[in-house]
Amino acid sequence: MTDEHYKEEQQNEIDILQSIYPTEFEEIATDPYKYSIRIQIEDEEEIRPCVVSLVIEYTPTYPDELPEFDLLLEEDDEEEDAKPLTETDATLSDVDIEDMKAKAREIAEESIGMAMVFGMASTLKEVCAERLREKTEALKRIREQRIKREIEAEQAKFVGTLVTRANFLEWKEKFERESEELKQADQSNTGDSRGAARRALAGGAAGSKYDGKLSGRELFEQDRVLAQSDSKFIADGDVSVDASLFAKEEYISDDDEN
Numbered sequence: 368m369t370d371e372h373y374k375e376e377q378q379n380e381i382d383i384l385q386s387i388y389p390t391e392f393e394e395i396a397t398d399p400y401k402y403s404i405r406i407q408i409e410d411e412e413e414i415r416p417c418v419v420s421l422v423i424e425y426t427p428t429y430p431d432e433l434p435e436f437d438l439l440l441e442e443d444d445e446e447e448d449a450k451p452l453t454e455t456d457a458t459l460s461d462v463d464i465e466d467m468k469a470k471a472r473e474i475a476e477e478s479i480g481m482a483m484v485f486g487m488a489s490t491l492k493e494v495c496a497e498r499l500r501e502k503t504e505a506l507k508r509i510r511e512q513r514i515k516r517e518i519e520a521e522q523a524k525f526v527g528t529l530v531t532r533a534n535f536l537e538w539k540e541k542f543e544r545e546s547e548e549l550k551q552a553d554q555s556n557t558g559d560s561r562g563a564a565r566r567a568l569a570g571g572a573a574g575s576k577y578d579g580k581l582s583g584r585e586l587f588e589q590d591r592v593l594a595q596s597d598s599k600f601i602a603d604g605d606v607s608v609d610a611s612l613f614a615k616e617e618y619i620s621d622d623d624e625n
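Numbering (the numbering used here), first residue to last: 368 to 625.
In structure tokens:
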């Protein structure tokens, strides 16, 4: 086959592709022929739409050999009406793109000697859509598991701890230990209080001849407020008594006796 024949075969395929992809086909060069086909992958019910471009460059003896080709993923920010990604929106990664290029190469090798670009483009669209569906389903399962965990965690706030033999015995041992510590502390405090009371009584008995009780004079001498408080009960017309006079008379009587 001559070079002219190869060019004719290539031009015929280009004409067919332009009719199939009137808006998606874009010519890049003519010698050698190089163009791109924009492939829209969408499924409104299952996946987030995306666009990949299949770039083809014919070799001199195409279709008797594979064309040079590449697969480019258009970023979301290139789309004017692109929506923000949601939790379940799957996107294609570089690994996905390389896998699909390998699949496109397999299809092309099966079509050596014939026009193969349409088969490559059709296969890429199907493979891309299937990969996005798989990834979308995986993201949905992850979301469902997360929601389930959140619900279970919220419900756990209103449910007590399940009692088992192991945690009951652990609680019982802790309770008995703490009870014993409180009992010992209480006994220690009670013993200290009783000892202080006994010491106070013993001290009082040693300092007074009235079985530990203070006499009226001792109370008077220790707290002058008692004498002042009596003045509150003296009514009008009552005769006040100067206690100091009695004290002087007592002193005088003692002197006379001497």
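Cβ coordinates follow ideal geometry from the N, Cα and C atoms, glycine included. The structure presented is a predicted model; accordingly, all values stated were derived computationally and were not measured.
Find the nearest neighbour of D456 within the set K507, V530, T490, judged by alpha-carbon distance.
Here the closest residue by C-alpha is K507.
Using 8 angstroms as the threshold, is the segment 504 to 519 in touch with the segment 414 to 422, meaning 3 or more CB pairs across them?
Under the Cβ criterion (8 angstroms, minimum of three pairs), the segment 504 to 519 does not count as touching the segment 414 to 422.
Specify the secondary structure class of D444 as computed by DSSP and reduced to three states.
Note that D444 has pLDDT 48, beneath the 50 cutoff, so the model's placement of it is unreliable and the number below is only indicative. The answer is helix: DSSP assigns D444 an H, G or I state.
Which one or two residues does DSSP pair with R405 in a beta bridge?
By DSSP's assignment, R405 forms a beta bridge with S420.
Of all the options I408, Y400, D437, which has the alpha carbon lying nearest to the alpha carbon of T426?
Per the Cα distances, Y400.
Just how far apart, CA to CA, sit P451 and P389?
Looking at the two C-alpha atoms, the distance is approximately 29 angstroms.
Please state whether DSSP places L433 in a helix, a strand or coil.
Of the three classes helix, strand and coil, the one that applies to L433 here is coil, per DSSP.
Have a look at the DSSP bridge pairing and note the partners of L439.
Per DSSP, the beta bridge partners of L439 are S420.
Look at the alpha carbon of E547 and the alpha carbon of R510, and state the distance between them as a whole number of angstroms.
Going by the C-alpha atoms only, they are around 51 angstroms apart.
Just confirm the distance between the C-beta atoms of T413 and S403, as a whole number of angstroms; I'd bet it's less than 8 angstroms.
Looking at the sequence shown, residue 413 is not Thr but Glu. E413 to S403, Cβ: 26 angstroms. No contact.
Does the Cβ of I408 have 16 or more other Cβ atoms within 10 Å, making it buried, or fewer, making it exposed?
Residue environment: I408 is assigned as buried (16 or more neighbouring CB atoms within 10 Å of its CB, all protein chains considered).
Can you grab the Cα-Cα spacing for the pair D398 / Q377, in whole Å?
The alpha-carbon atoms of D398 and Q377 are separated by roughly 11 angstroms.
Any non-hydrogen atom of the ligand HEM within 7 angstroms of I464 CB
Annotation note on the ligand HEM: not contained in the displayed structure, which lists no ligands.
For I406, count the other beta carbons within 10 Å of its own beta carbon; 16 or more makes it buried, fewer makes it exposed. Which is it?
Buried.
Bridge partners - F392, DSSP secondary structure assignment:
Beta-bridge analysis with DSSP links F392 to I404.
Express the C-alpha separation of A496 and I423 in angstroms, rounding to a whole number.
Straight through space, the alpha carbons of A496 and I423 are spaced by roughly 21 angstroms.
Please report the straight-line C-alpha distance between A533 and F542, rounded to a whole angstrom.
F542 has its alpha-carbon roughly 14 angstroms from the corresponding atom of A533.
Tell me whether the beta-carbon of L433 lies closer than 8 angstroms to the beta-carbon of A475.
The answer is yes: Cβ separation under 8 angstroms.
Quick check on M368: buried or exposed, where buried means 16 or more other Cβ atoms within 10 Å of its Cβ?
By the neighbour-count definition (other C-beta atoms within 10 Å, threshold 16), M368 is an exposed residue.
Can you list, in chain order, the residues of its chain with a C-beta nearer than 6 angstroms to that of K468? Leave out the 5 residues immediately preceding and following it.
If we look at K468 and ignore the five residues flanking it on each side, its Cβ neighbours are L438.
Under the assumption that L459 contacts R500 (Cβ atoms under 8 angstroms), give the Cβ distance between them as a whole number of angstroms.
Approximately 12 angstroms separates the beta-carbon atoms of L459 and R500; this is outside 8 angstroms, ruling out the contact.
What did DSSP end up calling T397 once you bin it into helix, strand or coil?
Of the three classes helix, strand and coil, the one that applies to T397 here is strand, per DSSP.
Distance, Cα to Cα, T531 vs F525?
Spanning the two alpha carbons is a distance of roughly 19 angstroms.
Quick one: grab the DSSP three-state call for I479.
In this structure, I479 counts as coil in the three-state DSSP scheme.
Hey, G480 and D431: beta-carbon distance below 8 angstroms or not?
Yes, they are a contact pair.
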